[in-house]
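Engineer:
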Amino acid sequence: MALRFPLNEAPNHLAKESVENSISLVHQGGASFPIVRDDGQAMLGPYGPVSYSTDVAHAICMVLKTTFAPNLVKPRNRELAAMALVATVKLPYMVYCHRLVGAKLGLTPEQCNDALSGRMPQGLTEEEMTAYDLGGVLSTLNGPLSDDDWQKFTSKMEKTQIVGIANVIGSYKWITTLVQLNGNDENWVGE
């Protein structure tokens, strides 16, 4: 597949550095997954399109930093909800990245495999299972959340965590759109 967003054609000649600096705000020092192709010609996943819109990159990363803050949603809840979304879109780069993030947060390889395949992982707390379930529901929701689902989720999780997960899913829907725009890098197929 031809590169859609080669860095040498980016409107800003400092696009890579600008995006990397913005990402460091979200991940406090850098991402735990690759963001640039090995050959350095383009950025991976959502970062390719963002490298052509560096004026938005910083703003996106500030929103993500706030959305992903551990005081708004517990990190494992956030990641399990995100994995539920990733299971619905099946983008190899996102699967690869979330496998790394899940492991960093203490999820086992089996739990990551299950979550990224759309199956409830074993060995989670009730709140973590609720986060995964909520992430899956919000990822495919195309109308208002039903009263039954609202009751189910609020009976097992604080409303602040529910809102935090809703913000995470909304952010990842945005990220997913950018990954889809960048195309499928064959390096991630089968990961």
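According to our numbering, the sequence shown is numbered sequentially starting from 31.
Every residue, glycine too, gets a C-beta built ideally from N, C-alpha and C.
1. CB-CB under 7 angstroms to residue 147, same chain, minus the five flanking residues each way: which ones, in chain order?
2. Would you mind listing the beta strand (DSSP E) stretches within the segment 56-111 that are 3+ residues and don't spill past its ends, in chain order?
3. Excluding sequence positions up to five away, which residues of its chain have a Cβ less than 7 angstroms from the Cβ of residue 119?
4. Is the segment 77-88 close to the segment 149-157, with three or more CB pairs under 8 angstroms?
5. Starting from residue 201, trace the alpha helix (DSSP H) both ways and give me its first and last residue.
6. As a quick exercise: from 57, 186 and 162, pick the residue whose alpha carbon is nearest that of residue 127.
7. Spell out the partners DSSP gives residue 36 in its beta bridges.
8. Using the Cβ count rule (16 or more neighbours within 10 Å means buried), how would you classify residue 104?
9. Along the chain, which unbroken stretches of the alpha helix (DSSP H) at least 4 residues long are found entirely within the segment 127-199?
Structural biologist: By the coordinates alone:
1. As a first step, residue 147 is located in the sequence shown; it is residue number 117 there, counting from the start. Excluding sequence neighbours, residue 147 sits near 117.
2. Those beta strand (DSSP E) runs which fall completely within the segment 56-111 and span 3+ residues do not exist here.
3. Start at 1 with the first residue of the sequence shown, and residue 119 comes out as number 89. The residues are 206.
4. No: the two stretches stay apart, fewer than three of their Cβ pairs being nearer than 8 angstroms.
5. Position 171 of the sequence shown, counted from the first residue, corresponds to residue 201. Per DSSP, the continuous alpha helix (DSSP H) segment holding residue 201 begins and ends at 189-212.
6. In the sequence shown, residue 127 corresponds to position 97, counting from 1. Taking residue 127 as reference, the option from 57, 186 and 162 with the minimal CA-CA separation is 57.
7. Position 6 of the sequence shown holds residue 36. The partner list for residue 36 (beta bridge, DSSP) reads 72.
8. The residue given as residue 104 occupies position 74 in the sequence shown. Around the beta carbon of residue 104, 16 or more other beta carbons lie within 10 angstroms, which makes this residue buried.
9. You should have 139-146, 156-170 and 177-184.
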